[in-house]
Each structure stands twice: as structure tokens, then as C-alpha cells.
Amino acid sequence: MVVLDAVLGALAGLAALGGAWAALSMRVVQQWQRGVVFRFGRVREEVRSPGMVFLVPAVDRLRRVNVQIVTMPIPAQEGITRDNVTVRVDAVVYFKVVDPVRATVTVQDYQFAISQVAQTSLRSIIGKSELDDLLANREPINQGLELMLDSPALGWGIQIDRVEIKDVALPESMKRSMARQAEADRERRARIITADGEYQASKQLSEAARIMSSTPAALQLRLLQTVVEVAAEKNSTLVLPFPVELLRFLDTATTNQAGEVAASFAKAVAAAGTMGALGTAGAAAGDGSAAGAGTSAKNGGAAVKERRPHE
1 MVVLDAVLGA LAGLAALGGA WAALSMRVVQ QWQRGVVFRF GRVREEVRSP GMVFLVPAVD
61 RLRRVNVQIV TMPIPAQEGI TRDNVTVRVD AVVYFKVVDP VRATVTVQDY QFAISQVAQT
121 SLRSIIGKSE LDDLLANREP INQGLELMLD SPALGWGIQI DRVEIKDVAL PESMKRSMAR
181 QAEADRERRA RIITADGEYQ ASKQLSEAAR IMSSTPAALQ LRLLQTVVEV AAEKNSTLVL
241 PFPVELLRFL DTATTNQAGE VAASFAKAVA AAGTMGALGT AGAAAGDGSA AGAGTSAKNG
301 GAAVKERRPH E
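Position 226 of the sequence shown, counting from 1, maps to 226 under the UniProt record's numbering, and the rest follow consecutively.
Written out as C-alpha cells, the structure is:
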């Protein structure tokens with residue numbers, strides 16, 4: 001019995017020792033993790049996959065590395081754009097670990113390192129870009145940021161998935177200037193649209209007027225339609241348009257009559273002038289005859305006087 005008890009005690013001790021050994025040597029690596037094993041302080045090149053991992057107690061040390069995509073916001077950075085505008089820009093970086101050994105051995109804290117590089121790269125890209133690009137054309141800027149981050153990150157076993165600019169904060173004075181500019185642009189476009197509409201309408205009206213002027217029947221039909229529409233409104237007063245043709249006829253008749261009167265008056269004036277000229281000529285002839293007779297009488301008297309002495 002003593003021997004049996006000793007054997008059972010030894011077996012129990014071995015079982016307890018084995019359990020403790022197993023507890024110290026077994027580790028669990030999750031699906032989103034990879035395991036990096038250090039043996040006597042030296043890294044093992046073999047990366048442990050998800051599942052149960054067995055280690056040598058007091059010899060091996062396991063470090064789990066997350067291989068999920070990490071979303072890291074970049075603190076807002078203030079800078080001056082290429083067109084001399086002060087802005088504050090914040091962004092976000094998406095990255096993941098592709099080489100757990102490098103991410104563990106090469107850099108002390110890869111997340112902090114990525115954050116610092118992202119901040120400096122963002123300030124650099126602000127100085128190389130214009131305000132319009134930061135506001136409306138961000139895709140090339142995002143790609144430039146990704147290239148600037150990807151170069152050092154690959155040496156750390158990190159892959160940059162993408163970089164996106166979240167917000168661009170402008171000074172209040174710049175916001176007011178942009179608002180005025182946008183309002184002026186909207187007013188300009190509205191005026192252009194209105195002018196274009198008026199131009200198109202004037203073209204259509206001109207074409208309609210040309211067609212109606214060449215077709216009097218169409219003009220009369222439009223006139224009748226207008227009269228019917230006005231009469232349908234049950235107005236107490238109905239205004240009928242006066243025919244334009246009648247006005248033209250009256251104008252022509254008045255002009256012709258005025259011309260005839262003027263011609264008759266001119267003829268009368270001419271006739272009166274002719275008669276006056278004839279009267280003046282007759283009077284002049286009479287005066288000449290009387291003067292001649294008087295002269296003859298004087299000459300005759302003188303001759304008689306001259307004859308008397310000789311007698």
C-alpha cells in the first residue's frame with residue numbers, strides 16, 4: 001500500500017507538473033493577430049498563425065501583432081498654401097501591418113511613427129497646393145500624401161491603404177470673400193441665363209411676326225383668337241383693335257388729297273402771278289403813249305411859235 005500511494009503521488013505530481021508546463025507553454029493567437037516569437041531575446045523568423053501556439057516556458061516570449069486596418073486621425077495642421085492663404089487641414093490615415101517582424105523589431109511604436117510622418121507630410125503638401133485644389137480637387141492631394149507616407153512605412157512593415165483629407169478650415173475673412181465671390185458668380189450666371197432666354201424669345205417673336213406679316217390671314221386669325229379670349233373673361237368693357245390696313249388706307253388717302261390741294265393752290269398762285277405781270281406791262285405801254293403824245297404837242301407848239309415871226 002505504501003508503494004502504491006507513492007506511485008499515485010508521483011503520478012499526481014507529474015500530472016500537476018505537466019499541467020503547469022502546458023499552461024505555461026500554450027498561447028492563443030486570434031484571427032486578426034499574428035504571433036512573433038522571441039527565443040532568448042532573438043526573434044524567430046517564423047510568424048505564428050492564428051490558433052494554438054506552443055512555447056518553451058522561460059525560453060520563448062510571444063508578442064501578438066494586430067494585422068487589421070487601423071484608422072488613425074491626423075491632428076489638424078496649419079499652413080500657408082501656394083497662393084498665400086492660411087488654412088488648417090486635418091486628415092485620416094488607413095494602414096495595416098504586412099510584416100509583423102519588421103513592425104515589431106524595426107520601429108519602437110509604429111503607430112506613433114506613422115502619426116508623426118503623416119503630420120509632417122500634411123504640412124508639406126499644404127505648402128505645395130493651392131486653396132482651390134484643397135477645396136475641390138482633393139484626390140491628387142490624397143494620392144500625394146499616400147506616396148509620401150508609403151515610402152518610410154514600407155521599411156517598417158506597414159502598408160498605407162489610403163489617406164484622405166477630412167476638413168479644410170479657412171479664416172473668417174476668407175469665408176466672407178468666398179461667399180461674395182460665389183454670390184457674384186451666381187448673379188452673373190443668372191443674368192446670362194435671363195439674357196439668353198430673352199434672346200431666344202425675341203428670335204421666336206421676330207420669326208412669328210415675319211410669318212404673320214407675310215400671311216394676312218394668320219394675322220386676322222390671331223386677332224379673332226385674341227377677341228375670343230378677351231370675351232371669355234366676362235369683362236364689361238371689350239376693346240377691339242383698329243385694323244392697321246384701314247389706317248394705312250386713310251393715311252394714303254389723306255396724303256393724296258393734301259397733295260392735290262397743294263397742287264391746285266400752286267396752280268392758282270401761278271395764274272395770279274401771270275395776270276399781274278400782264279397788267280403791269282399794259283400800264284407801262286399806256287404811260288409810254290401819253291408821254292409820246294405830250295412830246296409831239298410840245299414840238300408842234302414850238303414850231304408854230306417859230307413860224308409866226310416869218311409871217
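Glycine included, every Cβ here is placed at the ideal spot set by N, Cα and C.
Residue 174 and residue 89 look like a contact to me (Cβ under 8 Å); what is the Cβ gap, rounded to whole Å?
The count along the sequence shown starts at 1 and reaches residue 174 at position 174. The count along the sequence shown starts at 1 and reaches residue 89 at position 89. Not quite, the Cβ-Cβ distance comes to about 14 Å (not below 8 Å), so this is no contact.
Kindly identify the DSSP beta-bridge partner or partners of residue 66.
Working through the sequence shown from its first residue, we reach residue 66 at position 66. Answer by DSSP bridge pairing, in chain order: 33.
Alpha carbon to alpha carbon, how far is residue 101 from residue 138?
For this step, residue 101 is matched to residue 101 along the sequence shown. For this step, residue 138 is matched to residue 138 along the sequence shown. Computed Cα separation, rounded: 34 Å.
By the DSSP assignment, the alpha helix (DSSP H) with residue 113 in it spans what residues?
Translated into the one-based positions of the sequence shown, residue 113 becomes position 113. Taken as a continuous stretch (DSSP letters only), the alpha helix (DSSP H) holding residue 113 covers 110-128.
Cα-Cα, which of 121, 65, 25 and 163 is closest to residue 31?
Against the sequence shown, residue 31 aligns to sequence position 31. Taking only the C-alpha atoms, the option nearest residue 31 is 65.
Rounded to whole angstroms, what's the CA-CA distance from residue 34 to residue 53? Just pull it up for me.
Counting from 1 along the sequence shown, the entry for residue 34 is found at position 34. Counting from 1 along the sequence shown, the entry for residue 53 is found at position 53. Rounded to the nearest angstrom, the two C-alpha atoms are 11 Å apart.
Counting pairs of beta carbons, one from the segment 127-141 and one from the segment 184-191, are three or more of them closer than 8 Å?
Segments in contact, no.
Once you ignore the five residues that flank residue 98 on each side, which residues in its own chain have a CB closer than 8 Å to its CB?
Position 98 of the sequence shown, counted from the start, is the residue given in the question as residue 98. Excluding residues within five positions, the ones whose Cβ falls inside 8 Å are 67, 157, 158 and 159.
Roughly how many whole angstroms lie between the Cα atoms of residue 38 and residue 87?
Stepping through the sequence shown from its first residue, residue 38 is reached at position 38. Stepping through the sequence shown from its first residue, residue 87 is reached at position 87. Cα-Cα distance, rounded: 47 Å.
Measuring CA to CA, which of 168, 63 and 27 is closest to residue 135?
Within the sequence shown, residue 135 is the residue found at index 135, counting from 1. Ranking the options by Cα distance to residue 135, first place goes to 168.
Is the closest heavy atom of the ligand COA to the C-beta of residue 176 under 7 Å?
By its list of ligands, the structure shown contains no ligand whatsoever, and the ligand COA lies outside what it can speak to.
Would you kindly report the start and end of the unbroken alpha helix (DSSP H) that includes residue 105?
Locating residue 105 in the sequence shown gives position 105, where the first residue counts as 1. From DSSP, the alpha helix (DSSP H) with residue 105 extends over 100-105.
Run through the DSSP bridge pairs and tell me what residue 86 is partnered with.
The residue given as residue 86 occupies position 86 in the sequence shown. 80, per the DSSP bridge assignment.
According to DSSP, what are the bridge partners of residue 51?
Reading the sequence shown from its first residue, position 51 is the one you call residue 51. According to DSSP, residue 51 bridges with 29.
In whole angstroms, what separates the C-alpha of residue 120 from that of residue 197?
Translated into the one-based positions of the sequence shown, residue 120 becomes position 120. Translated into the one-based positions of the sequence shown, residue 197 becomes position 197. Each residue's Cα considered, the two are about 53 Å apart.
Just to confirm, are residue 49 and residue 29 a CB contact at a threshold of 8 Å?
Stepping through the sequence shown from its first residue, residue 49 is reached at position 49. Stepping through the sequence shown from its first residue, residue 29 is reached at position 29. In this structure, residue 29 lies closer than 8 Å to residue 49 by Cβ.
Leaving out five residues before and five after residue 252 in sequence, what residues of the same chain have Cβ atoms less than 7 Å from its Cβ?
Here the question's residue 252 lines up with position 252 in the sequence shown. None.
Is residue 71 helix, strand or coil when you go by DSSP?
For the purposes of this step, residue 71 is identified with residue 71 of the sequence shown, where counting begins at 1. Strand, per DSSP.
Could you check what DSSP says for residue 168 in three-state terms: helix, strand or coil?
For this step, residue 168 is matched to residue 168 along the sequence shown. Reduced to three states, the DSSP call for residue 168 is strand.
For residue 215, count neighbouring Cβ atoms within 10 angstroms of its own Cβ and tell me buried if that reaches 16, exposed if not.
One-based indexing of the sequence shown puts residue 215 at position 215. Flag for residue 215 reads exposed.
Helix, strand or coil, according to DSSP, for residue 58 in the structure here?
Counting from 1 along the sequence shown, the entry for residue 58 is found at position 58. Of the three classes helix, strand and coil, the one that applies to residue 58 here is coil, per DSSP.
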